[in-house]
Each structure stands twice: as C-alpha cells, then as structure tokens.
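Visitor:
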Amino acid sequence: MSGQLTIGKLAGATGTKVETIRYYEQIGLLPAPARSAANYRTYDAAHLRRLSFIRRARDLGFSIDQVRELMGLADRRDQSCMAVDVIANQHRDAITRKIADLTALASELDALIDSCSRNTVADCRIIEALAPSV
Numbered sequence: 001m002s003g004q005l006t007i008g009k010l011a012g013a014t015g016t017k018v019e020t021i022r023y024y025e026q027i028g029l030l031p032a033p034a035r036s037a038a039n040y041r042t043y044d045a046a047h048l049r050r051l052s053f054i055r056r057a058r059d060l061g062f063s064i065d066q067v068r069e070l071m072g073l074a075d076r077r078d079q080s081c082m083a084v085d086v087i088a089n090q091h092r093d094a095i096t097r098k099i100a101d102l103t104a105l106a107s108e109l110d111a112l113i114d115s116c117s118r119n120t121v122a123d124c125r126i127i128e129a130l131a132p133s134v
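Right, dumping it as structure tokens:
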C-alpha cells in the first residue's frame, strides 16, 4: 500500500465498519491516525496491518481484552510465545465448552421435536416446554 488511506478506504480494505474503526480508536486498540489539512483521519500501512490483526482475532472469537493482550505480545517479538499459547488454549477451551453446551441444547430440542404430536398447538410439547411454570 502506498500513501494514506481515508477511514472509508481502510474500512473497505479490512471489511470493518467505519463505526467499529472509530470504536477501536476510542478504546485504544487502534492508534489515533494523523489528520489531513481538512481534518480527515489518514491511516497508513501500520494501521492497516494492526486493524487486519484485530479483525482476524475478532473473527476467531477472541474478546477485546484478549485482542489487546495479544497485540501487546505481538509488539514484543523477542518474548517467548508461551503467553500467546496460554491465551489461545484458554480460548479454545471456552469454545469446546460452548460446543458441548450447544450439543446438549440440540439434543434437548431434538427430544422436544420427537415428542411433538403434530396435532394442535394446544397439544404441542414444544410450546409446553417453553411456557413458564409459575
């Protein structure tokens, strides 16, 4: 990339909404860009790389705090990657737990669907299971 990017061009290059870029600046994930003579934000290649890193990490499901920590570690390239491994392993473990929870939920829904009499809504086990028991 040569030259500077406007916020719209940066958004397009990374598939990130303009509002999200501003939010990342506001919370300190993305450094504030320089301003043009007309006071427009101007981004450089470092912003593009950093935002691409943020986007990829967020797409993988890392939280904002985890992304912040990973970026801090990425900025210290001579450090051991053990801290990165810890964050990645914790995230993978959380995903594994969510998958187990969703699998159990799918089984519960399957049982409800299988018990459906296919008659009227008044006889529907799914509606009955969803209704509060007060």
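No gaps in the numbering here: position 95 of the sequence shown is 95 in the UniProt record's numbering, and each next residue is one more. Glycine is no exception: its CB is placed at the ideal position from the N, C-alpha and C atoms. For clarity, every value in this text was computed on a predicted model and none was experimentally measured.
1. In angstroms, rounded to a whole number, what distance separates the CA positions of SER133 and ILE126?
2. Is the beta carbon of THR14 closer than 7 Å to that of SER52?
3. Within 10 angstroms of its Cβ, does ASP7 collect 16 or more other Cβ (buried), or is it exposed?
4. Quick one: grab the DSSP three-state call for LEU130.
5. Enumerated in chain order, which unbroken segments of the alpha helix (DSSP H) with a length of 4 residues or greater are wholly contained in the segment 62 to 116?
6. Under the rule that 16 or more other beta-carbon atoms within 10 Å means buried, what is THR120, buried or exposed?
7. Straight-line CA distance for MET1 to ILE87?
Guide: Let me spell this out:
1. Annotation: SER133 to ILE126 spans about 14 Å, alpha carbon to alpha carbon.
2. Against a cut-off of 7 Å, the Cβ pair of THR14 and SER52 comes out as a contact.
3. Residue identity check: residue 7 is Ile in the sequence provided, not Asp. Flag for ILE7 reads buried.
4. In the three-state DSSP reduction, LEU130 falls in the helix class (H, G or I).
5. Scanning the segment 62 to 116 from its first residue to its last, the whole alpha helix (DSSP H) runs of 4-plus residues come out as 64 to 74, 82 to 114.
6. With fewer than 16 other Cβ atoms inside 10 Å of its own Cβ, THR120 counts as exposed.
7. A caution first: MET1 carries a pLDDT of 47, below 50, which makes its placement in the model too unreliable to give a value.
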